[in-house]
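Colleague: Residue 226 in UniProt numbering sits at position 49 of the sequence shown, and the numbers go up by one each step.
Ideal Cβ positions, reconstructed from N, Cα and C, are used throughout, including at glycine.
In this text the structure is predicted, and so the values were computed from the model without any measurement.
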Amino acid sequence: FFNETVKLPLAGKKVVVTAGPTLERIDPVRYISNFSSGKMGYAMAQAAVELGAETILISGPVSLAPPAGVELIRVESAAEMLQAVLDYYSAADYVVKSAAVADYRPKTIHEQKMKKKEGETSLELERTTDILKTLGEMKTTQRLVGFAAETTDALTYGKGKLESKNLDWIIVNDVTDPAGGFGSDENVVTLISRSGIEILFPAMEKKELAKQLLTTIVQEGTDSL
Ligand code: CTP
Ligand code: CA
Numbered sequence: 178f179f180n181e182t183v184k185l186p187l188a189g190k191k192v193v194v195t196a197g198p199t200l201e202r203i204d205p206v207r208y209i210s211n212f213s214s215g216k217m218g219y220a221m222a223q224a225a226v227e228l229g230a231e232t233i234l235i236s237g238p239v240s241l242a243p244p245a246g247v248e249l250i251r252v253e254s255a256a257e258m259l260q261a262v263l264d265y266y267s268a269a270d271y272v273v274k275s276a277a278v279a280d281y282r283p284k285t286i287h288e289q290k291m292k293k294k295e296g297e298t299s300l301e302l303e304r305t306t307d308i309l310k311t312l313g314e315m316k317t318t319q320r321l322v323g324f325a326a327e328t329t330d331a332l333t334y335g336k337g338k339l340e341s342k343n344l345d346w347i348i349v350n351d352v353t354d355p356a357g358g359f360g361s362d363e364n365v366v367t368l369i370s371r372s373g374i375e376i377l378f379p380a381m382e383k384k385e386l387a388k389q390l391l392t393t394i395v396q397e398g399t400d401s402l
């Protein structure tokens, strides 16, 4: 018999995956968040493990069990996610940013429960840091993979984000497509590289899709460095 050791495509590589929503506190009983289930990000982390990577999963609040073999880091807010990602960034070979990061947070977190007041109808917000854009600006040898969840002109907006955030790949997701999107076990996406590759993946289970996406990304490499 031949006793060949098959080398997995991500053996010896470090992959950081972010997943889920972020949660931005208003007061002790209220918050701003979004409908991200974390399923796509958890599937990407599982795929990274299966392809042999040392995998760090940085997760916002979700109700999913972490895939076996990942190092799980739980965070709540965009600010915490930024800090956690930066802690692992210099050692990472790939960063996959599946998380649905809040774009805004309340300007102040109230220590006591806010009381309704006559005539007071708005909440003052401020922008969060764009984590992926920050990573793009700091990029040295890392491969950066972003997601774009869109409800209209998905490919145009996706390509804009690929450029403006200095990414190597973007996975574009039309969340109005009934076959995919938030909460669903299935997804349909287009994978686009900085070097001009564009591949439409038909609707399939998020776990299978994640494996196909990551395999393609690792095989194709990138011209953007
Ligand atoms: N992203 C991030 N930090 C933020 C906002 C977004 O890292 N504060 C990342 C997401 O994880 C995703 C990518 O940027 O990989 C695109 O997120 P998306 O919300 O689609 O794009 P935005 O740049 O926030 O633009 P907009 O929401 O206005 O469409
Ligand atoms: Ca956003």
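(1) Between Val-349 and Thr-328, which are expected to be in contact by the criterion C-beta below 8 Å, what is the C-beta distance as a whole number of angstroms?
(2) Taking the alpha carbon of Thr-392 as the reference point, which residue from Met-221, Ile-203 and Arg-207 has its own alpha carbon closest?
(3) Take Leu-263 as the anchor and find which of Val-194, Lys-184, Ala-279 and Glu-382 has the nearest alpha-carbon.
(4) Does the beta carbon of Asp-280 fall short of 6 Å from some heavy atom of ligand 2?
(5) With a threshold of 16 other CB atoms inside 10 Å of the CB of Gln-289, please say whether the residue is buried or exposed.
(6) Can you confirm whether the region 200–209 touches the region 290–307 when touching is taken to mean that 3 or more C-beta pairs between the two stretches lie within less than 8 Å?
(7) So that I know if they touch, is there some Cβ in chain B lying closer than 7 Å to that of Leu-302?
(8) Please list, in chain order, all residues of the same chain as Pro-244 whose beta carbon is under 7 Å from its beta carbon, the five residues on each side excluded.
(9) Is it true that the CB of Ala-255 sits closer than 7 Å to the CB of Val-272?
(10) Quick check: the region 310–326 against the region 339–348, are at least 3 beta-carbon pairs closer than 8 Å?
(11) Taking the alpha-carbon positions, what's the Met-315 to Gln-260 distance?
(12) Helix, strand or coil: how does DSSP classify Val-206 here?
(13) Does ligand 1 have a heavy atom nearer than 6 Å to the CB of Phe-359?
(14) Once DSSP output is grouped into helix, strand and coil, what is the label at Glu-227?
(15) With a threshold of 16 other CB atoms inside 10 Å of the CB of Ile-286, please say whether the residue is buried or exposed.
(16) Going by beta carbon distance, what residues of the same chain come within less than 8 Å of Lys-284, once the five residues before and after it are set aside?
(17) Mapping DSSP to helix, strand and coil, what is Ala-256?
Modeller: Per the coordinate set shown:
(1) Contact doesn't hold; Cβ gap of about 12 Å is too wide.
(2) The option with the nearest alpha carbon to Thr-392 is Met-221.
(3) Residue Val-194 holds the alpha-carbon nearest to the alpha-carbon of Leu-263 among Val-194, Lys-184, Ala-279 and Glu-382.
(4) Answer for Asp-280: yes, Cβ within range of ligand 2.
(5) By the Cβ neighbour-count rule, Gln-289 is exposed, with fewer than 16 other Cβ atoms within 10 Å of its own.
(6) Contact holds: three or more Cβ-Cβ distances are below 8 Å.
(7) In summary, chain B is missing from the structure at hand, where a single protein chain is found.
(8) So the qualifying residues of the chain are Tyr-219, Ala-222, Gln-223 and Val-226.
(9) By the CB criterion at 7 Å, Val-272 and Ala-255 fall outside the cutoff.
(10) Taking a cut-off of 8 Å on C-beta distances, the region 339–348 touches the region 310–326, as three or more cross pairs fall below it.
(11) Met-315 and Gln-260: Cα-Cα distance of roughly 14 Å.
(12) In the structure shown, the three-state DSSP call for Val-206 is coil.
(13) The beta carbon of Phe-359 sits no closer than 6 Å to any heavy atom of ligand 1.
(14) Reduced to three states, the DSSP call for Glu-227 is helix.
(15) Result: exposed.
(16) Excluding positions up to five away in sequence, the list reads Glu-301, Leu-302 and Glu-303.
(17) Three-state result, Ala-256: helix.
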